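These protein sequence lines map, in sequence, to chains U and X. Okay, so the first sequence: first residue is 1248 according to our numbering, each after it adds one. Okay, so the second sequence: first residue is 1248 according to our numbering, each after it adds one. Quick reminder that beta carbons are idealized off the backbone N, C-alpha and C, glycines included. This structure is a prediction, so every number in the text was calculated from the model and none was measured. Below is one structure; the comments refer to it alone.
Protein chains: 2
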Amino acid sequence: MTHAIGNAAKLSGVNIETIRYYEREGIVPKAKRAENGRRTYDEDAISRLRFVKRCRELGFAIVDIRTLLRLSDQDAGTCDEVRNLSEMNLAAVSAKIEDLVRMQNALQELITSCRSGQTECPMLRNLFAE
Amino acid sequence: MTHAIGNAAKLSGVNIETIRYYEREGIVPKAKRAENGRRTYDEDAISRLRFVKRCRELGFAIVDIRTLLRLSDQDAGTCDEVRNLSEMNLAAVSAKIEDLVRMQNALQELITSCRSGQTECPMLRNLFAE
DNA sequence: ATACATCCTGTAGTTACTACAGGAGCAAGC
DNA sequence: GCTTGCTCCTGTAGTAACTACAGGATGTAT
């Protein structure tokens, strides 16, 4: 059974414009066309879209997803490469978390310095200081 | 004492191209020019650049920094607005952290499923599943 | 038949920068 | 005085990963 692009979007969770974008960029193969020229998607194509979506949700960059899809088309011995990519991504994610937690703490501190009814905002003063 | 743009960049931690970008976008006021047409920065201008940099590091968007700078030019009663903006930013930062932690856990789990020497990568299989 | 939904292509906008290209001016050493 | 090299100038284009039209064709439901 095949689906039109709107349906594929619903089934994969990837929105229509993004699907066309992925095709333009060669991230997923060009969709087959019906006689009227419209794109059609079979279950395989939808799986691929869902895969891309999941990887994006896990923080993988598009270039890496390209690699993962290529690896998944080959057969064996890919596990090491997949794990490698994933570990690099995990490290990046963890680094981002650390950054954000630092931001979170600093913000929290600044906000508590900032009480209403003052003639000058201590938070702004702090940010301008030194 | 005034400084050339390269010096201002060093003193503020904002890089040269970014300083010019901030000026183009009206985030900081246009720099005064020396007779030879080059930009010059006094301590005040450098403070403003440093302020923008700190705010960016805290996760504030440029539009919000614009507001913060405007508020800092006024005198009183701004504390509430500053705190409001900051709390919204803090909420966004916290939400991002939650997202990333979820990603981190999912990645960790996928990676542990993925041991080398297998004929098929379980991680890829998982990402394609259902 | 008519209205509305869905699809098409192609282009431009988003965020916050960064990276040139191509040229001018300035400071230091010979 | 001249060359070398650094810093500066403007203006434009590129980055990541989409998103949002415009303008038009086709499909579906009443």
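X:ALA1256 has its alpha-carbon roughly 5 Å from the corresponding atom of X:ASN1262. If you look at U:LEU1371, you'll find it in the alpha helix (DSSP H) that goes 1369 to 1375. With a contact defined as Cβ atoms closer than 8 Å, U:ARG1301 and U:ALA1251 miss out at about 22 Å.
Pairing X:GLU1377 with U:ASP1327, the inter-Cα distance amounts to about 24 Å. In the three-state reduction of the DSSP assignment, U:THR1265 falls in the helix class. Beta-bridge pairing by DSSP links X:ARG1295 to no other residue.
The DSSP-derived three-state label of U:ARG1349 is helix. At a cut-off of 9 Å between beta-carbon atoms, U:LEU1315 makes contact with chain X. Annotation for U:VAL1275: TYR1269 and ARG1295 place their beta carbon closer than 6 Å to its own, counting only its chain and skipping 5 residues before and after.
At least 9 Å separates the CB of X:SER1259 from every CB of chain U. Between X:LEU1305 and U:ALA1353, the gap from beta carbon to beta carbon is short of 9 Å.
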